[in-house]
């Protein structure tokens with residue numbers, strides 16, 4: 004008898020699950036239906052700032068696969084503008100709203116994948132629903148922002164100085180808008196330690212972006228239903244367009260209503276096979292909690308690369324294979340004009356919160372041999388456990404060729420290496436690629452010296 | 004009583020050892036004398052091709068520290084143009100020849116570091132000592148080649164299509180010379196598997212370099228004592244200048260004469276503290292064998308980054324500290340015009356020779372998200388053990404941003420990871436840096452599929 008897999012959410016996690024299940028079970032054995040409430044399936048949400056900044060020209064470039072491709076090539080019935088509004092786990096059915104037809108219908112499932120993603124945080128302030136105020140979570144959001152810029156917006160305010168906010172600020176700047184970034188925290192990029200994040204604020208300032216950190220937004224001013232300004236403790240910033248870059252939380256409303264367990268970190272609780280604690284129900288992507296391999300606790304991180312991996316894992320298991328998701332170490336990378344920024348593992352504060360006592364090391368070096376043309380600055384920080392020298396986290400701020408070195412550190416972290424062992428690792432060396440001691444090795448060496456000095460050995 | 008450390012060889016390994024020993028023991032406690040037969044101490048030999056290609060303008064750029072700096076800043080007596088011609092381990096003395104004064108003297112030691120480096124292979128052919136034929140092992144060699152180009156050489160022949168040979172060919176090409184590269188092996192870059200190395204041959208050809216692989220050099224033609232051509236089985240190639248890029252062997256003549264043990268891989272045998280098997284005698288750098296962590300056997304690899312690390316280890320131990328050298332995994336990287344080439348671990352052939360049965364995977368991907376400007380091609384190959392899926396080696400050929408990814412794989416290899424575990428690692432993702440699945444992850448995934456297919460699971 005043919006079983007049916009229903010997927011809720013047609014982006015990275017959901018469609019990866021659908022595709023992997025299909026690889027292992029053909030359409031006679033498993034019918035697959037995916038519902039997406041927006042207008043697009045399988046796109047690169049991380050590419051939205053580049054679409055707005057016209058680094059990427061065509062919206063099609065961001066779309067991996069359209070519904071027709073899923074249909075014809077994979078026999079997956081992917082339906083856009085269909086919102087799943089209820090899950091009944093007792094009867095194993097979902098209620099689906101056809102947004103264009105304006106009617107609801109129910110469908111039964113043998114397997115259900117919840118891939119509802121994340122939802123942007125909106126400040127609970129008057130006017131925050133006004134026209135001209137946008138999130139940047141979905142491609143639909145991104146297209147709306149692009150349209151607003153094309154329609155002549157001249158002054159943009161970005162609320163939130165995290166990496167998405169900064170990418171958006173850069174995009175607006177490159178389109179010639181006046182840009183201010185407002186954050187209640189004292190500095191931008193709080194995904195970095197304060198000493199590293201401060202470097203980003205300096206660079207944004209140098210780009211002509213007005214950086215207003217330490218200013219809480221108190222409300223939005225509107226004129227004829229459209230946003231006209233952002234009010235903060237320090238006054239009002241005029242705005243034709245406002246983007247909310249306050250981060251995102253797992254979108255668990257639907258799951259929670261259905262009685263599917265949501266954990267302390269705010270995401271759906273899954274095991275390593277991506278099963279929820281409810282029979283027949285799987286979940287993957289930004290809506291689920293991930294195991295953090297350094298803190299050994301669940302965490303919520305919205306990131307396309309995790310969503311793809313988790314969806315793949317769910318799909319393989321639904322397809323009858325065996326695969327597990329091993330967790331994350333908190334790696335992230337972004338680019339602010341010429342500045343590359345990356346992190347992995349824990350910040351100093353996070354390490355202390357997790358009960359570690361730490362020492363740190365910061366090293367300024369170059370991406371290539373110092374004498375080689377194109378050698379760019381790279382500042383690397385490592386946070387390590389005192390006494391053991393175990394690596395706990397790292398951050399990089401630099402220019403061309405700097406940030407991707409975080410992957411070496413992430414791999415070392417994954418393997419629970421100590422900086423003592425790392426400092427002699429066999430990393431590649433040639434003058435166009437690295438100084439004779441790679442910045443990763445130099446920083447590990449300096450961190451190990453800090454451990455030794457601290458223990459007096 | 005003041006002890007004396009004598010260092011034989013004033014480049015990376017020797018001077019690192021001297022500097023580290025000095026950090027831990029002051030001049031009253033340990034006198035340090037380093038003898039270098041050439042004209043320079045502590046320089047970047049890997050930078051020589053770039054000096055000749057005028058990518059780097061000044062010879063001073065390649066010199067890390069001159070003797071006067073060692074003297075004044077570190078109280079290390081570094082003497083250039085002084086060649087150690089004999090070691091007497093019974094009396095613990097060295098005989099030193101002052102090359103300018105033309106006289107010998109002896110000096111006693113409490114600790115001796117042998118850092119005599121590597122010597123280039125020269126073919127045992129008639130004419131191979133003629134003027135105009137150069138090795139590129141030392142900075143003195145490099146300056147001689149640069150001088151020959153400046154004096155009007157128009158036709159260059161490079162014997163040996165390894166990475167140094169190719170770097171030299173590119174340097175000559177960029178200076179406007181006609182360049183031929185000759186190698187008896189059927190293709191260039193035999194540090195890669197044939198399928199990957201073939202790509203390099205195509206690129207060299209595209210650059211206008213005459214690639215003559217599968218042609219053995221049979222002799223050198225000379226005119227008035229200067230080289231005028233290179234004879235091969237296929238004819239004679241006219242040449243004003245010839246560079247020997249046939250690789251190098253550990254320079255162990257002095258050690259062997261002194262009865263210091265040399266191993267099967269051709270280098271001085273040392274333990275993890277860099278002690279030889281002779282009392283008071285240490286060794287470091289290109290002249291010693293290194294433990295290969297994948298084959299678990301000694302190997303001889305001439306590379307500045309190892310020399311620096313080994314010298315540091317020897318120096319710390321001589322200084323009364325404790326440090327060990329953990330071995331190598333065979334990582335290397337180089338650049339041929341716009342093509343980046345890297346490897347780590349074992350080639351297919353090397354893996355089979357070491358007793359592994361293997362499966363392989365090759366993946367074509369891009370360095371950034373496919374839609375992002377500057378996305379460059381990257382081809383990644385992994386060699387993994389069948390059944391276990393343990394990573395054994397990898398190679399990368401690509402363009403801007405490709406090669407340094409080898410360090411992620413080298414770190415995984417260092418930790419004896421399987422590709423099954425690697426494929427879900429938390430590597431950084433953002434469109435300017437990577438596709439949503441990094442090429443490293445895609446290749447690990449494909450390699451794991453190959454393992455599963457092979458075992459029929």
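Residue numbers (this note's numbering), protein chains in the order written: chain Y, 4 to 460; chain B, 4 to 460.
Virtual Cβ for every residue (Gly too), placed ideally from N, Cα, C.
At 7 Å on the CB atoms, spell out the chain Y contacts of residue 368(B), in chain order.
-> Counting from 1 along the second chain, the entry for residue 368(B) is found at position 365. Those within 7 Å of residue 368(B) in chain Y number zero; the least Cβ separation is about 14 Å.
Between 57(B), 66(B), 192(B) and 29(B), which lies nearest to residue 373(Y) when the distance is taken from Cα to Cα?
-> By one-based count along the first chain, residue 373(Y) stands at place 370. Ranking 57(B), 66(B), 192(B) and 29(B) by Cα distance to residue 373(Y) puts 66(B) first.
Closer than 8 Å, Cβ to Cβ, to anything on chain B: give me those residues from the segment 389-415 of chain Y, in chain order.
-> 404, 406, 407, 408, 409, 410, 411, 413, 414 and 415
Among residues of its own chain, excluding the 5 on either side of residue 196(Y), which ones have a beta-carbon nearer than 6 Å to its beta-carbon?
-> Numbered from 1 along the first chain, position 193 holds the residue referred to as residue 196(Y). Here the set comprises 350 and 351.
Rounded Cβ spacing between residue 101(B) and residue 88(B) (contact assumed at less than 8 Å) = The residue labelled residue 101(B) in the question sits at position 98 within the second chain. The residue labelled residue 88(B) in the question sits at position 85 within the second chain. Not quite, the Cβ-Cβ distance comes to about 11 Å (not below 8 Å), so this is no contact.
How far does the alpha helix (DSSP H) with residue 328(B) in it reach, from first residue to last?
-> Residue 328(B) sits at position 325 when you count from the first residue of the second chain. No alpha helix (DSSP H) holds residue 328(B); DSSP gives it neither H nor E.
Any C-beta of chain B sitting closer than 8 Å to the C-beta of residue 320(Y)?
-> Residue mapping note: residue 320(Y) aligns to position 317 of the first chain, counting from 1. False, the Cβ-Cβ gap to chain B never drops below 8 Å.
Consider the Cβ of residue 64(B): report whether some Cβ of chain Y lies at a distance smaller than 8 Å.
-> Here residue 64(B) corresponds to residue number 61 of the second chain, with the count starting at 1. It does: the Cβ of residue 64(B) has a partner Cβ on chain Y nearer than 8 Å.
Contacts around residue 182(Y), its chain only, beta-carbon distance under 6 Å, and the 5 residues preceding and following it disregarded | By one-based count along the first chain, residue 182(Y) stands at place 179. Only 159, 172, 175, 176 and 212 meet the Cβ criterion.
For residue 216(Y), which of helix, strand or coil comes out of DSSP?
-> Against the first chain, residue 216(Y) aligns to sequence position 213. Per DSSP, reduced to three states, the secondary structure at residue 216(Y) is strand.
List the residues of chain B that residue 49(Y) touches, going by C-beta distances under 9 Å, in chain order.
-> Taking the first chain and counting its residues from 1, one reaches residue 49(Y) at position 46. Ordered by position in chain B, the residues that pass the 9 Å Cβ test against residue 49(Y) are 372, 432, 433, 434 and 439.
Label residue 71(Y) either buried or exposed according to how many other C-beta atoms from any shown protein chain fall within 10 Å of its C-beta, with 16 as the threshold for buried.
-> Residue mapping note: residue 71(Y) aligns to position 68 of the first chain, counting from 1. Exposed, by the Cβ-count rule.
Counting Cβ pairs closer than 8 Å, one from the segment 334-341 of chain Y and one from the segment 399-410 of chain Y, do we hit at least three?
-> yes
Within the 8 Å Cβ cut-off, does residue 42(Y) reach chain C?
-> Checking the listed chains, one finds no chain C in this structure; the protein chains it contains are Y and B.
Residues bridged to residue 300(Y) [DSSP beta-bridge criterion] | Stepping through the first chain from its first residue, residue 300(Y) is reached at position 297. Residue pairing of residue 300(Y) in beta bridges, as defined by DSSP: 295(Y).
Residue 424(Y): contacting residues in chain B (beta-carbon distance under 8 Å) = Sequence index remark: in the first chain, residue 424(Y) carries index 421 (1-based). Per Cβ cutoff of 8 Å: 329.
Rank 270(Y), 245(Y) and 313(Y) by C-alpha distance to the C-alpha of residue 277(Y) and give the top, closest one.
-> The sequence position of residue 277(Y) within the first chain is 274, counting from 1. Closest option to residue 277(Y), Cα to Cα, is 313(Y).
The alpha helix (DSSP H) enclosing residue 26(B), as first and last residue numbers | The residue given as residue 26(B) occupies position 23 in the second chain. Note, residue 26(B): alpha helix (DSSP H), 15-27.
Please determine, among 115(Y), 308(Y), 69(Y) and 145(Y), the residue with the shortest C-alpha to C-alpha distance to residue 434(B).
-> Locating residue 434(B) in the second chain gives position 431, counting from the first residue. The candidate whose alpha carbon is nearest that of residue 434(B) is 308(Y).
Count the C-beta pairs between the segment 386-399 of chain Y and the segment 383-391 of chain B that are closer than 8 Å, then say yes if the count reaches three, no if not.
-> no
Find the nearest neighbour of residue 8(Y) within the set 283(Y), 299(Y), 256(Y) and 371(Y), judged by alpha-carbon distance.
-> Indexing the first chain from 1 puts residue 8(Y) at position 5. That would be 283(Y), whose Cα lies nearest to the Cα of residue 8(Y).
Pull up the CB-CB distance for residue 191(B) and residue 217(B), whole angstroms please, since I reckon it's below 8 Å.
-> Position 188 of the second chain, counting from 1, holds the residue named residue 191(B). Position 214 of the second chain, counting from 1, holds the residue named residue 217(B). About 11 Å separates the two Cβ atoms, so there is no contact after all.
Return the bridge partner residues of residue 230(B) from the DSSP annotation.
-> As a position in the second chain, residue 230(B) is number 227, starting the count at 1. Per DSSP, the beta-bridge partners of residue 230(B) are 225(B).
Could you give the distance in angstroms between the alpha-carbon of residue 223(Y) and the alpha-carbon of residue 186(Y)?
-> Position 220 of the first chain, counting from 1, holds the residue named residue 223(Y). Position 183 of the first chain, counting from 1, holds the residue named residue 186(Y). Computed Cα separation, rounded: 14 Å.
Are the Cβ atoms of residue 290(Y) and residue 319(Y) separated by less than 8 Å?
-> The sequence position of residue 290(Y) within the first chain is 287, counting from 1. The sequence position of residue 319(Y) within the first chain is 316, counting from 1. Judged by their CB atoms, residue 290(Y) and residue 319(Y) are not nearer to each other than the 8 Å cut-off.
Which chain Y residues sit within Cβ distance under 7 Å of residue 376(B)?
-> One-based indexing of the second chain puts residue 376(B) at position 373. Near residue 376(B) (Cβ distances below 7 Å), the residues of chain Y are 58.
Quick one: grab the DSSP three-state call for residue 33(B).
-> On the second chain, residue 33(B) is found 30 positions in, with the first residue counted as 1. Residue 33(B) falls in the strand class under three-state DSSP.
Could you spell out the range, first to last residue, of the beta strand (DSSP E) harbouring residue 143(Y)?
-> Looking up residue 143(Y) in the first chain gives position 140. No beta strand (DSSP E) contains residue 143(Y), which is instead part of the alpha helix (DSSP H) from 142-153.
For residue 338(Y), return the contacting residues in chain B, with the cut-off set at a CB-CB distance below 8 Å.
-> Against the first chain, residue 338(Y) aligns to sequence position 335. Those within 8 Å of residue 338(Y) in chain B are 433, 435 and 436.
Looking only at its own chain, which residues have a Cβ that is under 7 Å from the Cβ of residue 415(Y), when we skip the five neighbours before and after it?
-> As a working note, residue 415(Y) is residue 412 in the first chain. Excluding sequence neighbours, residue 415(Y) sits near 394 and 425.
Using a Cβ cut-off of 8 Å (strictly closer), state whether residue 417(B) contacts chain Y.
-> Sequence index remark: in the second chain, residue 417(B) carries index 414 (1-based). It does; some Cβ of chain Y falls within 8 Å.
When the Cα of residue 50(B) is compared with those of 456(Y), 451(Y), 436(Y) and 447(Y), which residue comes out closest?
-> What you label residue 50(B) is simply residue 47 of the second chain in a count that begins at 1. Looking at the Cα atoms, 436(Y) is the closest of the given residues.
Residue 123(Y) - partner residues in DSSP beta bridges = To locate residue 123(Y), count along the first chain from 1; it is residue 120. Answer is 251(Y).
For residue 118(Y), which of 58(Y), 74(Y) and 306(Y) has the nearest alpha-carbon?
-> Here residue 118(Y) refers to the residue found at position 115 when the first chain is read from its first residue. Comparing Cα positions, the closest option is 306(Y).
State the start and end residues of the unbroken alpha helix (DSSP H) segment that holds residue 401(B).
-> Working through the second chain from its first residue, we reach residue 401(B) at position 398. Careful: residue 401(B) lies outside any alpha helix (DSSP H), inside the beta strand (DSSP E) at 394-401.
To the nearest angstrom, how far is it from the Cα of residue 28(Y) to the Cα of residue 78(Y)?
-> Locating residue 28(Y) in the first chain gives position 25, where the first residue counts as 1. Locating residue 78(Y) in the first chain gives position 75, where the first residue counts as 1. So the two alpha carbons sit approximately 11 Å from each other.
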